[in-house]
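Add 8 to a position in the sequence shown, counting from 1, and you land on the number used in our numbering.
Ideal Cβ placement from N, Cα and C applies to all residues, glycine included.
Because the structure is a prediction, the values reported are computed rather than measured.
Following: one structure in structure tokens, then a few remarks.
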Amino acid sequence: MRDTPFQTLVLSTIFVLAAGTLLVLGRSILLPIVTATILVYLLESVAGALRRLPVLGHLPLGALRLLLLVFAAAVVFVLAAVFSATVREIMAVAPTYEDNLRTMVDGIAGYFHFENDELWERVTAETVGRIDLRRFSLAVLGGFTNLGSVVLMVIIYAAFITAERRSFQRRLTAGLRSPEQSARVLAVVGAINEKISRYLAFKTLINIVLGTISYAILWAFEVDFALFWAVVIGVLNYIPYLGSLLAVAFPVALSLAQFGSIGLTVGLGASLTAVQVTLGNIIEPRLIGRQLNLSPFVVLLALALWTTLWGIPGAILAVPLTSILAIVLASFDKTRWLALLLAERVDVPPAPESTPRHGELPER
9 MRDTPFQTLV
19 LSTIFVLAAG
29 TLLVLGRSIL
39 LPIVTATILV
49 YLLESVAGAL
59 RRLPVLGHLP
69 LGALRLLLLV
79 FAAAVVFVLA
89 AVFSATVREI
99 MAVAPTYEDN
109 LRTMVDGIAG
119 YFHFENDELW
129 ERVTAETVGR
139 IDLRRFSLAV
149 LGGFTNLGSV
159 VLMVIIYAAF
169 ITAERRSFQR
179 RLTAGLRSPE
189 QSARVLAVVG
199 AINEKISRYL
209 AFKTLINIVL
219 GTISYAILWA
229 FEVDFALFWA
239 VVIGVLNYIP
249 YLGSLLAVAF
259 PVALSLAQFG
269 SIGLTVGLGA
279 SLTAVQVTLG
289 NIIEPRLIGR
299 QLNLSPFVVL
309 LALALWTTLW
319 GIPGAILAVP
329 LTSILAIVLA
339 SFDKTRWLAL
349 LLAERVDVPP
359 APESTPRHGE
369 LPER
């Protein structure tokens, strides 16, 4: 007996509600697992690139993956320590920044002869007079420091996922009912691995370049905590559309408080924005292109959804997770129409029928 459209709609609604409830209630468990899986994708792509080098190419693939995982763990722990120390330092200099802002406002009032104007005094009292940089900085940057609480679990999960990759294919093949089903599932996993690994590898490379150039600009302008802001810029650039705006807004806003100079702040903002525009609109499309084939509107919806569910980590993972969903939907006849709704270009390939030439499960 075939399901009616109404039954399909009801079942789909129940599934979506159940999945949403699971994602919210199971955040503390699911977020480290999903993050670890995405990290394994990235490390696998880097390991494949390093094996082409003369010296590292002779190392066993397992040893190379282990070295990359240890290196990634060390980098993340160092960054977490830098973040925590910098937030404390910002809290310490916040009163000085507040004084600089008030001095700048008093200078503007003196230039335009507003210092004795009752309306001006009322406006400044309700705006600059209410600024609390300590509370603002803690509210904005607290989300970054909280990321360190899941770092250890992410590394542990990534280590176990990496260790069990070789046996997973055998278990998956044994658990499916037929070779055709096994080939189909392996093809879907291969497509996911190829697209997500390539996207993350190029995106990470772009973010490293962006962070390096931004650090040089921040250092040239003598902005406090230049290394910290450069790392924040690189991390936030994983977030589509809004990430690059927020990445520039944070250091530019605090530079106004540091220097009390509108001219320096405008120059810093223009320099950082020029780098963002150059990399985001010229370099990134050439390297990444539109290989994930997601509609910009769908990306915005996914960004809003995953940010609501999982906060900043959800915003960073929004594009990979949505791309994985689109690939899975495109692999089956009954759900391919949903993949078309998510796509920017109507070129979704037919459901795979054979094993992939390369992917996560086969050992390379």
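How far does the alpha helix (DSSP H) with residue i in it reach, from first residue to last?
i: F210; result: 187–228
i: S252; result: 250–267
i: P328; result: 304–338
i: G34; result: Here G34 belongs to no alpha helix (DSSP H), and DSSP marks it neither H nor E.
i: G277; result: 270–286
i: A234; result: 234–244
i: V162; result: 159–171
i: A347; result: 344–350
Can you give the Cα-Cα distance for residue i and residue j, rounded to whole angstroms?
i: A166; j: P103; result: 42 Å
i: G242; j: I221; result: 10 Å
i: F258; j: V63; result: 42 Å
i: S362; j: A195; result: Note on S362: pLDDT 44, under 50, position unreliable in the model; the coordinate value appears next. Distance between the alpha carbons of S362 and A195: 6 Å.
i: A55; j: K203; result: 16 Å
i: V48; j: I169; result: 8 Å
i: S279; j: Y223; result: 11 Å
i: P358; j: A351; result: Summary for P358: the model assigns pLDDT 48, below 50, so the residue's position carries little reliability; its value from the coordinates is reported in the next sentence. When rounded, the distance between both Cα atoms is 14 Å.
i: A171; j: L348; result: 35 Å
i: L308; j: K342; result: 25 Å
i: G288; j: V306; result: 19 Å
i: L38; j: S186; result: 30 Å
i: Y105; j: A265; result: 5 Å
i: F267; j: S175; result: 58 Å
i: P360; j: W345; result: Confidence in P360 is poor, its pLDDT being 47 and thus under 50, which makes the residue's placement unreliable; the coordinate value appears in the next sentence. The straight-line gap from Cα to Cα measures roughly 16 Å.
i: L30; j: N201; result: 25 Å
i: T21; j: S36; result: 24 Å
i: E292; j: I332; result: 21 Å
i: P370; j: V193; result: Legend: pLDDT at P370 = 38, less than 50; position of this residue unreliable, value from coordinates given subsequently. If you take the alpha carbons of P370 and V193, they lie about 13 Å apart.
i: T281; j: V256; result: 7 Å
i: R110; j: L253; result: 26 Å
i: L19; j: V159; result: 37 Å
i: L312; j: G322; result: Reading off the sequence shown, one finds Ala at residue 312, where the question assumed Leu. Spanning the two alpha carbons is a distance of roughly 9 Å.
i: A100; j: R130; result: 28 Å
i: V285; j: I216; result: 15 Å
i: Q189; j: R179; result: 13 Å
Closest by CA to residue i, which one among the options?
i: V3; options: I247, G198, A238, L69; result: Outside the shown range of the chain (9 to 372) lies residue 3, about which nothing can therefore be said.
i: L58; options: V48, R35, L72, T45; result: L72
i: E52; options: L61, L74, I164; result: L74
i: I335; options: N245, L264, N301, G322; result: N301
i: G198; options: W345, L346, S339; result: S339
i: L213; options: Y246, P187, S186, L226; result: Y246
i: P304; options: Y249, T111, W314, L272; result: Y249
i: Q162; options: V84, I332, I270; result: The displayed chain sequence assigns Val, not Gln, to residue 162. Of the candidates V84, I332, I270, the one whose C-alpha sits nearest the C-alpha of V162 is V84.
i: I270; options: I225, V95, M112, N201; result: M112
i: L226; options: L19, L276, L160, P293; result: L276
i: A88; options: L235, S263, L262, V256; result: L235
Where does residue i fall in DSSP's three states?
i: I247; result: coil
i: A93; result: helix
i: R60; result: coil
i: P40; result: helix
i: V231; result: coil
i: G28; result: helix
i: P103; result: helix
i: P293; result: helix
i: N108; result: helix
i: L77; result: helix
i: L87; result: helix
i: L19; result: helix
Three or more C-beta pairs below 8 Å linking the segment 229–237 and the segment 73–80: no
Three Cβ pairs or more, each shorter than 8 Å: is that satisfied between the segment 35–48 and the segment 310–321? yes
Quiz item: Would you call the segment 323–337 and the segment 203–221 touching, i.e. three or more CB-CB distances under 8 Å?
Solution: yes
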